[in-house]
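Data first, discussion second: the structure below is written as structure tokens.
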Amino acid sequence: MQQHRLKGIASEMLFASRWYGEITDEKDSLISPHLDTGWDFMVASTGKRFQVKRHSKSKKYNPYNLDLRRKRNKGTGNYTGEEFDYLVVHDTETDEFVVEHVNELMVDGVMKQSVSIKSLDMSISDLVFLAT
Numbered sequence: 001m002q003q004h005r006l007k008g009i010a011s012e013m014l015f016a017s018r019w020y021g022e023i024t025d026e027k028d029s030l031i032s033p034h035l036d037t038g039w040d041f042m043v044a045s046t047g048k049r050f051q052v053k054r055h056s057k058s059k060k061y062n063p064y065n066l067d068l069r070r071k072r073n074k075g076t077g078n079y080t081g082e083e084f085d086y087l088v089v090h091d092t093e094t095d096e097f098v099v100e101h102v103n104e105l106m107v108d109g110v111m112k113q114s115v116s117i118k119s120l121d122m123s124i125s126d127l128v129f130l131a132t
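Each step along the sequence shown adds one to the number in my numbering, with nothing skipped, and position 90 is 90.
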């Protein structure tokens, strides 16, 4: 497995750890799919789905830009907005998670191909409140 995929899995596990530190009821536990379905976790009680991404500051022209295009599963196409309810981004520079609802990532019914992580303003605590 490639190093960037391992780091992505580490970010997913860190998110799950922080999620469990916030919830107060076992019914809000996270479920993971066995196949890559376009989301990484789902809240057992509500069915809200989260896609977790890892962002490391780039030294290129836009250091806070997160590419949302799918690259590993080329046959599935880019995200449509139906795959998940919330985008959760692990900002490795601050070691914090920032969150955005999928509706905020859509422009005229089409998913953006990139987003500035500095424009995402929800935290895991906000997400727990909204998704449970």
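For glycine and all other residues, C-beta sits at the position ideal for the given N, C-alpha and C.
key: From Thr94, Gly21 and Val99, residue whose alpha carbon lies closest to that of Phe84   = Mapped onto the sequence shown, residue 84 falls at position 84. Ranking the options by Cα distance to Phe84, first place goes to Val99.
ask   = If we ignore side chains and look at the alpha-carbon of each, how far apart do Ile31 and Gln3 end up?
value = Working through the sequence shown from its first residue, we reach residue 31 at position 31. Working through the sequence shown from its first residue, we reach residue 3 at position 3. Near 24 Å, if we compare the C-alpha coordinates of Gln3 and Ile31.
key: Beta-bridge partners of Glu22, as assigned by DSSP   = Taking the sequence shown and counting its residues from 1, one reaches residue 22 at position 22. Answer by DSSP bridge pairing: none, since Glu22 is not bridged.
ask   = For Met1, which three-state DSSP category applies?
value = Translated into positions along the sequence shown, residue 1 becomes position 1. Three-state DSSP puts Met1 in coil, outside helix and strand.
task = Kindly give me the distance between the Cβ atoms of Ser125 and Glu26, rounded to whole angstroms, as I take these residues to be in contact under 8 Å.
result = As a first step, residue 125 must be located in the sequence shown, where it is residue number 125. As a first step, residue 26 must be located in the sequence shown, where it is residue number 26. Going by Cβ atoms, the distance from Ser125 to Glu26 rounds to 19 Å, so no, they are not a contact pair.
ask   = Asn130: which of Met1, Lys57, Phe97 and Lys48 sits nearest, CA to CA?
value = As a working note, residue 130 is residue 130 in the sequence shown. Just to set this straight, residue 130 is Leu in the shown sequence, not Asn. The candidate whose alpha carbon is nearest that of Leu130 is Lys48.
Any 3 or more C-beta pairs closer than 8 Å across the segment 90-105 and the segment 116-125 = yes
query = Per DSSP, Arg69 forms a beta bridge with which residues?
reply = Position 69 of the sequence shown holds residue 69. Answer is none; Arg69 lacks a bridge partner.
key: Three-state secondary structure (DSSP) of Phe97   = In the sequence shown, the residue the question calls residue 97 occupies position 97. Correct three-state label for Phe97: strand.
ask   = Based on the DSSP output, what are the partners of Ser116 in its beta bridges?
value = Position 116 of the sequence shown holds residue 116. Beta-bridge pairing links Ser116 to Asn65.
request  = From the DSSP output, read off the bridge partner residues of Ile31.
outcome  = Looking up residue 31 in the sequence shown gives position 31. BP columns for Ile31 point to Met42.
Cross-strand partners of Val110 (DSSP beta bridge) = For the purposes of this step, residue 110 is identified with residue 110 of the sequence shown, where counting begins at 1. DSSP, once it has assigned bridges, lists Val107 as partnering Val110.
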